[in-house]
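Quick notes on the structure that follows.
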Amino acid sequence: MKLLGNLFENNRLWAESIKKIHPDFFRKLSEQQAPEYLWIGCSDSRVPANEIVGLMPGEIFVHRNVANVVVHTDMNCLSVLQYAIDVLKVKHIMVVGHYGCGGVRAAMRNQALGLIDNWLRNIKDIYRQHRDKIDAIQDEEQRVNLLCELNVVEQVNNVCHTTIVQDAWARGQSLAVHGWIYSIRNGGLKDLNVCITRPEQLDDIYRIESELQGEEVSRADQQD
Ligand code: CO
């Protein structure tokens with residue numbers, strides 16, 4: 052007997068249902084993908100990218116990890132980002148958190164969970180920065196939810212601090228980075244209105260001058 056036969060049966064029915072409506076769907080899709088969006092979201096099984104925004108296969112490039120964290124030394128996330136921007140030329144990147152995130156909740160506690168504690172350390176740093184505001188809230192769920200939002204804002208900035216995004220802007224490529232949050236309770240998506248489209252919106256210490264500008268600066272230094 053085939054293991055997990057129900058999943059293969061689901062797959063057969065799913066593929067058939069799409070082919071019934073669009074007979075050429077899979078053949079066309081196999082030739083190329085040209086998604087306009089990169090979704091960076093949480094691995095949580097309740098937050099599936101395509102379904103939430105009603106997009107078909109081929110329309111959204113996806114990277115997910117625990118608590119939708121963008122770490123500037125994470126080769127996996129950086130490789131997704133680079134491929135999406137430089138090769139696929141996506142126009143929008145959305146960092147999508149969700150309320151009640153277990154990763155964010157764990158980061159606010161001290162219980163040892165194993166290797167993942169090192170990953171969640173990144174969220175502890177955000178908690179520390181906003182501790183007064185978060186701890187002033189009585190209700191634990193609301194404290195978690197505020198940190199879920201603050202985490203999204205931080206990760207939007209982290210995306211924009213990469214050389215990958217800043218190089219894209221420097222060569223005139225149109226790219227907007229959005230911060231959204233999803234409610235598992237009602238299925239609704241909320242825009243946190245932290246969209247970044249140009250380096251001038253970043254704290255100046257994170258702005259990277261283009262190579263041409265850098266050469267001008269070093270030449271000016273030599274003349275002094
Ligand atoms: Co989560």
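The working numbering puts the last residue of the sequence shown at 275; the count rises by one with no breaks. For each residue, glycine too, the CB sits at the ideal point set by N, CA and C.
Is residue i near the ligand CO, with its Cβ less than 7 Å from a heavy atom?
i, result
"residue 100", "no"
"residue 246", "no"
"residue 95", "yes"
"residue 157", "no"
"residue 238", "no"
"residue 114", "no"
"residue 128", "no"
"residue 165", "no"
"residue 152", "yes"
"residue 301", "Any question about residue 301 goes unanswered here, given that the chain covers just 52 to 275."
"residue 73", "no"
Would you tell me roughly how many angstroms separate the C-alpha atoms of residue i and residue j, rounded to the nearest one?
i, j, result
"residue 183", "residue 198", "12 Å"
"residue 161", "residue 177", "15 Å"
"residue 259", "residue 252", "13 Å"
"residue 175", "residue 101", "29 Å"
"residue 144", "residue 241", "15 Å"
"residue 76", "residue 69", "7 Å"
"residue 221", "residue 78", "37 Å"
"residue 239", "residue 105", "12 Å"
"residue 275", "residue 129", "Low local confidence applies: a pLDDT of 49 at residue 275 is under 50, so the model's placement there is unreliable, and no value is given."
"residue 59", "residue 98", "22 Å"
"residue 65", "residue 54", "19 Å"
"residue 223", "residue 256", "21 Å"
Please return the same chain residues whose Cβ sits closer than 7 Å to the Cβ of residue i, not counting the five positions on each side in sequence.
i, result
"residue 230", "146, 203, 204, 207, 243 and 245"
"residue 141", "86, 87, 88, 89, 112 and 135"
"residue 225", "142"
"residue 158", "171, 174, 175 and 178"
"residue 156", "195"
"residue 211", "228, 247 and 253"
Determine the DSSP secondary structure at residue i, reduced to helix, strand or coil.
i, result
"residue 75", "coil"
"residue 212", "helix"
"residue 116", "strand"
"residue 188", "coil"
"residue 88", "strand"
"residue 233", "strand"
"residue 54", "coil"
"residue 163", "coil"
"residue 65", "helix"
"residue 241", "strand"
"residue 259", "coil"
Assuming residue i and residue j are in contact, meaning their beta carbons sit under 8 Å apart, how far apart are those beta carbons, in whole angstroms?
i, j, result
"residue 154", "residue 118", "3 Å"
"residue 93", "residue 149", "6 Å"
"residue 283", "residue 111", "Residue 283 falls outside the range modelled here, since the chain spans only 52 to 275, and no answer is possible."
"residue 91", "residue 121", "6 Å"
"residue 109", "residue 80", "5 Å"
Once the 5 residues before and after residue i are set aside, which same chain residues still bring their CB inside 6 Å of it?
i, result
"residue 215", "132, 133 and 136"
"residue 248", "227"
"residue 201", "177 and 181"
So with Cβ pairs under 8 Å, would you call residue i a contact of chain C?
i, result
"residue 230", "Absent from the structure is chain C; it holds one protein chain and no more."
Near residue i, what residues of its chain come up, given a Cβ to Cβ distance below 8 Å and the 5 sequence neighbours on each side ignored?
i, result
"residue 196", "150 and 151"
"residue 219", "136, 137 and 226"
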